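> Numbered continuously in the working numbering, the sequence shown closes out at residue 104.
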Amino acid sequence: MDFEKLKQESMKDPVFKNEWERLTPYYELQEQLIKARVQSKMTQNQIAEKMEVKQSVISNFERKKLDYRISTLIKYADACGKKLKIEFVDK
Numbered sequence: 014m015d016f017e018k019l020k021q022e023s024m025k026d027p028v029f030k031n032e033w034e035r036l037t038p039y040y041e042l043q044e045q046l047i048k049a050r051v052q053s054k055m056t057q058n059q060i061a062e063k064m065e066v067k068q069s070v071i072s073n074f075e076r077k078k079l080d081y082r083i084s085t086l087i088k089y090a091d092a093c094g095k096k097l098k099i100e101f102v103d104k
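#1: Let me make sure I understand the geometry here. Which of D80, E17 and A92 has the alpha-carbon closest to that of E62?
#2: Answer yes if the segment 66-78 comes into contact with the segment 38-46, meaning at least three C-beta pairs across the two stretches below 8 Å, and no otherwise.
#3: Can you find the residues in the same chain that come closer than 6 Å, C-beta to C-beta, to I87, ignoring five residues on each side of it along the sequence?
#4: Starting from the C-beta of F29, find all residues in its chain whose C-beta is less than 7 Å away, skip the five residues before and the five after it, and write them out in chain order.
#5: Around the C-beta of R50, are 16 or more other C-beta atoms found within 10 angstroms, so that it is buried, or is it exposed?
#6: To the nearest angstrom, how far is it from the Cα of D26 to the Cα of D15?
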């Protein structure tokens with residue numbers, strides 16, 4: 014069974030679906046963080062230097078489910094030469 018079929022089957026379970034929808038924004042944000050860094054052709058260490066933090070902070074920032082502070086997201090975006098854009102969309 015491929016991932017999409019498994020996901021579709023699992024989404025029939027309301028508990029699974031609720032948890033999936035709750036966590037999706039975290040994973041989408043992590044994907045965007047990594048994409049911004051890669052597009053800027055920078056390493057985690059280079060971003061860390063610009064943000065004046067340790068590389069391990071950037072690693073955790075990119076891979077752990079955190080409650081991100083907007084000020085930290087702005088610093089990360091700035092270090093990548095990007096601008097942070099936050100958008101609300103309909104469910």
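No residue lacks a Cβ here, since even glycine has one placed at the ideal position from N, Cα and C.
No experiment lies behind these values; they were computed from the predicted model shown.
Per the coordinate set shown:
#1: Translated into positions along the sequence shown, residue 62 becomes position 49. If you compare the alpha carbons of D80, E17 and A92 with that of E62, the shortest gap goes to A92.
#2: Result yes; three or more Cβ-Cβ pairs closer than 8 Å.
#3: Along the sequence shown, one-based indexing puts residue 87 at 74. The residues L97, in chain order, have a CB closer than 6 Å to that of I87 in the same chain once the five nearest residues on each side in sequence are set aside.
#4: Stepping through the sequence shown from its first residue, residue 29 is reached at position 16. So the qualifying residues of the chain are S23.
#5: Reading the sequence shown from its first residue, position 37 is the one you call residue 50. Answer is buried; the Cβ neighbour count reaches 16.
#6: What you label residue 26 is simply residue 13 of the sequence shown in a count that begins at 1. What you label residue 15 is simply residue 2 of the sequence shown in a count that begins at 1. Taking the straight line from one Cα to the other gives about 18 Å.
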